[in-house]
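K.L.:
For the sequence shown, numbering that gives the first Met the number 0 begins at 0 and goes up steadily by one.
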Amino acid sequence: MQPATVSPAKPYPKLCAEAASLTTAPARLAVLSHRDAPMGPLALRNPQLPTARLVEALLSGRPAAWDNPAAPFGLWDLPAAQVRAGAGACGLERARLRKEGKAYPVSDAMRGLLRGPMTEAWERPTPVVETFQWRGTATPSARMMTDLSTYALWCGPLGPVHRQATLVFCLLVRSLAKSNTGAILSRAHRPDRVVAKVEEMAWSAAPAHEVSDFQTIHRNLTISDSVGALVFFAMVPLVPGWDGGGVGSVWSQAPDGFDAVIRAAMPAPPWLAELA
């Protein structure tokens with residue numbers, strides 16, 4: 000005779016029921032929506048959630064908010080740039096949750112609501128000035144690279160997305176070498192050979208130890224140097240603010256129109272895969 004199995008009790012059953020109930024007061028739902036799972040997502044998905052709180056959650060990329068039946072109405076009067084930014088943030092947040100073992104399922108309605116603005120956000124990226132306040136500038140290219148690197152982090156260092164991002168970084172460094180800003184390139188370690196080797200490792204999916212050994216060989220390069228930043232990036236998909244400003248300094252110097260080069264290399268944002 001097989002022993003009886005007992006399913007684990009759902010944590011906080013009363014709070015979960017309250018967050019999911021259509022009779023819960025909107026103000027109470029707004030409070031519950033700030034809680035961790037499972038209460039928070041349940042409240043964010045509740046159509047009785049106050050519009051102001053729903054819009055806030057949509058623009059910050061909370062997946063459950065984009066799954067709320069009232070989400071299309073919350074987005075109705077918002078500027079298109081804000082909707083695009085919120086959709087892009089949702090793709091990155093889904094990747095983070097997946098990496099942490101908290102993947103949020105995608106409903107058909109959510110998929111239909113997100114696909115368009117996610118794609119448009121890649122085609123018309125909105126610079127986030129506060130990310131580059133220390134430089135006093137922000138560009139669409141820097142925004143695209145920042146989002147790409149963030150997504151690569153959640154997908155895992157040295158994975159396919161990280162290697163794609165590394166190849167884009169190689170394109171940027173080569174572009175800087177041909178522009179008036181080429182002076183930022185280090186004269187040490189033959190920069191052209193360094194970039195070529197990084198490209199080779201990214202294309203061939205070199206194992207982690209090979210990339211690490213290469214990084215050690217070129218340890219004298221600093222992350223404030225474009226080639227040095229690329230060598231560091233080849234091992235870990237760094238993001239401005241997490242690396243002392245090294246990669247942000249390089250990205251902010253991208254020549255006009257470099258965002259078109261990124262789109263040519265990657266026609267669609269990789270986080271569209273989160274909607275599959």
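Here a beta-carbon is modelled for each residue, glycine too, at the ideal position from N, C-alpha and C.
Do S174 and P254 have their C-beta atoms closer together than 9 Å?
P.N.:
Contact flag set, yes.
K.L.:
Alpha helix (DSSP H) containing H161: first to last residue?
P.N.:
P159 to K177 is the span of the alpha helix (DSSP H), which, as asked, contains H161.
K.L.:
With DSSP as the reference, label D146 as helix, strand or coil.
P.N.:
Here D146 sits in helix by DSSP.
K.L.:
Please give the ranges of any beta strand (DSSP E) in the region 66 to 93, keeping only runs that are unbroken, at least 3 residues long and fully inside the region.
P.N.:
Qualifying beta strand (DSSP E) stretches: none in this window.
K.L.:
Count the CB pairs spanning the region 232 to 247 and the region 103 to 123 that are closer than 8 Å, and state whether there are at least three.
P.N.:
The region 232 to 247 vs the region 103 to 123: no contact.
K.L.:
Keeping to the same chain, check which residues put their C-beta closer than 7 Å to that of R95; ignore five residues upstream and five downstream.
P.N.:
Cβ within range, chain order: W153.
K.L.:
Who are the near neighbours of P49 in its chain, counting only those whose CB is closer than 8 Å to its CB and skipping five residues on each side?
P.N.:
So the list reads P25, A26, L28 and A29, once near-sequence residues are dropped.
K.L.:
Whole-angstrom Cβ separation of T125 and A84, contact assumed at under 8 Å?
P.N.:
Right, the Cβ-Cβ distance comes to about 5 Å (below 8 Å), so this counts as a contact.
K.L.:
Are there three or more Cβ pairs, one per stretch, closer than 8 Å when the region 38 to 54 is compared with the region 13 to 21?
P.N.:
Yes, they touch.
K.L.:
Touch check for the region 70 to 80 and the region 50 to 59: three-plus C-beta pairs under 8 Å?
P.N.:
Yes, since at least three Cβ pairs between the region 70 to 80 and the region 50 to 59 fall closer than 8 Å, the two stretches touch.
K.L.:
Within this structure, are the beta carbons of R162 and A201 separated by less than 9 Å?
P.N.:
Yes.
K.L.:
Compare the C-alpha of E122 against each of G111, L112 and S140 and name the closest.
P.N.:
Out of G111, L112 and S140, S140 has the C-alpha closest to the C-alpha of E122.
K.L.:
How is the alpha helix (DSSP H) around H208 delimited, first residue to last?
P.N.:
Unbroken alpha helix (DSSP H) run through H208: A207 to I216.
K.L.:
What number of angstroms, rounded off, separates the C-alpha of W133 from the C-alpha of G247?
P.N.:
Since pLDDT at W133 reaches only 42, below the 50 mark, its modelled position is unreliable, and the value read off the structure follows with that caveat. So the two alpha carbons sit approximately 10 Å from each other.
K.L.:
Enumerate in chain order the residues of its own chain whose CB-to-CB distance from A36 is below 8 Å, with the five nearest sequence positions on each side excluded.
P.N.:
The residues are K101.
K.L.:
Among A164, E92 and R142, which has the Cα closest to the Cα of M265?
P.N.:
That would be A164, whose Cα lies nearest to the Cα of M265.
K.L.:
Grab me the residues of C277's own chain with a C-beta within less than 8 Å of its C-beta, minus the 5 sequence neighbours each way, in chain order.
P.N.:
An answer regarding residue 277 cannot be provided, because it is not within the stretch 0 to 275 covered by the chain.
K.L.:
Straight-line CA distance for R110 to G39?
P.N.:
Each residue's Cα considered, the two are about 20 Å apart.
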